[in-house]
Amino acid sequence: DIQMTQTPSSMPASLGERVTISCRASQGISNYLNWYQQKPDGTIKPLIYYTSNLQSGVPSRFSGSGSGTDYSLTISSLEPEDFAMYYCQQYDSSPPTFGGGTKLELK
Amino acid sequence: EVKLVESGGGLVQPGRSLKLSCAASGFSFNDYWMGWVRQAPGKGLEWIGEINQDSSTINYTPSLKDKFTISRDNAQNTLYLQMSKLGSEDTAIYYCARVDAVALYWYFDFWGPGTMVTVSS
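Going down the list, the sequences are from chains R and V.
For the first sequence, the numbering used here assigns the number 6 to the initial residue and increments by one for each residue that follows.
For the second sequence, the numbering used here assigns the number 6 to the initial residue and increments by one for each residue that follows.
Take a look at the structure:
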């Protein structure tokens, strides 16, 4: 299985701050990389698919980039509702695997 | 409005079986792949498997292939997860999700709220 390593595992940040979460795959995944957000109540929604495509309804402050083994999710200016868990997921090979998650916390 | 609602979770003894359901509404269920993902307490997400529109293709994560069975009933707009030989390691929230798969894209575009399964004597 492809291993996905997210860094950092937790990140204290302030409102209005720009933050970047990283995701590294154990082998190249050809941009087959998605990002999801999980709220404290457990609700999960997609943010970014195929590395950089913004899911419908997701604010434009979210963006994704990367190639090969290294990918990132950037939030340009943190809003209160952005404090949540974030997961990357590869689908280059089966089984699809998720990163360990990054908890974005209010500083 | 797309809606997915899981049910069937609860407390189950080790070694027993349990069947989860996921009721879908607000979209043409038989046009989509569907999948299951679980999350153990305090842990990350784990992909369990997926099923295509007519149930002719079902994929599982290898470690669960002999324990879990995914099925669907398109007439009832319902996805199922049959779990057998449950152990404490199967304690988790179980999510069903719709797959959006077009060309280079494959991702879960809608998720249910999840149902909790606790395996304990």
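Every residue, glycine too, gets a C-beta built ideally from N, C-alpha and C.
Sequence-distant residues of the same chain with beta carbon closer than 6 angstroms to residue i, five excluded per side
i             : result
E51 (chain V) : R43
E6 (chain V)  : G31
L23 (chain V) : V17, M88
I26 (chain R) : L78, Y91, T107
7 angstroms Cβ shell around residue i - same chain, five flanking residues per side excluded
i             : result
D6 (chain R)  : P100, T102
P13 (chain R) : T107
Span of the beta strand (DSSP E) around residue i
i              : result
S76 (chain V)  : 73-78
T79 (chain R)  : 75-80
T83 (chain V)  : 83-88
Q11 (chain R)  : 9-12
A102 (chain V) : 97-107
N39 (chain R)  : 38-43
T120 (chain V) : 120-124
N57 (chain V)  : Neither: N57 (chain V) is in no beta strand (DSSP E) and is coded neither H nor E.
L23 (chain V)  : 23-30
E11 (chain V)  : 8-12
L83 (chain R)  : Segment: none, L83 (chain R) is in no beta strand (DSSP E) and carries neither H nor E.
Test item: CB-CB of residue i and residue j under 8 angstroms
i              : j              : result
T74 (chain V)  : Y99 (chain V)  : no
E1 (chain V)   : V104 (chain V) : This structure cannot speak to residue 1 (chain V), because chain V is shown only from 6 to 126.
W40 (chain R)  : G71 (chain R)  : no
V124 (chain V) : S76 (chain V)  : no
T27 (chain V)  : L69 (chain V)  : Strictly speaking, residue 27 (chain V) in this sequence is Cys, with Thr absent from that position. Their beta carbons are not under 8 angstroms apart, which means C27 (chain V) does not touch L69 (chain V) by this criterion.
V122 (chain V) : D95 (chain V)  : yes
I80 (chain R)  : W116 (chain V) : no
Y96 (chain R)  : W41 (chain V)  : no
Inter-residue CB distance, residue i and residue j (contact presumed, cutoff 8 angstroms)
i              : j              : result
Y194 (chain R) : L109 (chain V) : Residue 194 (chain R) is absent from the model: chain R starts at 6 and stops at 112.
M90 (chain R)  : Q60 (chain R)  : The pair is not a contact, with the Cβ atoms about 17 angstroms apart (cut-off 8 angstroms).
K8 (chain V)   : S30 (chain V)  : 5 angstroms
D114 (chain V) : P51 (chain R)  : 6 angstroms
T66 (chain V)  : I53 (chain V)  : 6 angstroms
Residue i Cβ short of 7 angstroms to the ligand ADP heavy atom set
i              : result
W111 (chain V) : This structure lacks the ligand ADP, and indeed carries no ligand of any kind.
Same chain only: Cβ atoms within 8 angstroms of residue i, ignoring 5 sequence neighbours per side
i              : result
S19 (chain R)  : L83, L111, K112
G104 (chain R) : M9, T10, Q11, C28, Y92, C93, Q94
Do the segment 76-92 of chain V and the segment 29-36 of chain R touch if we need at least three Cβ pairs shorter than 8 angstroms?
-> No contact exists between the segment 76-92 of chain V and the segment 29-36 of chain R.
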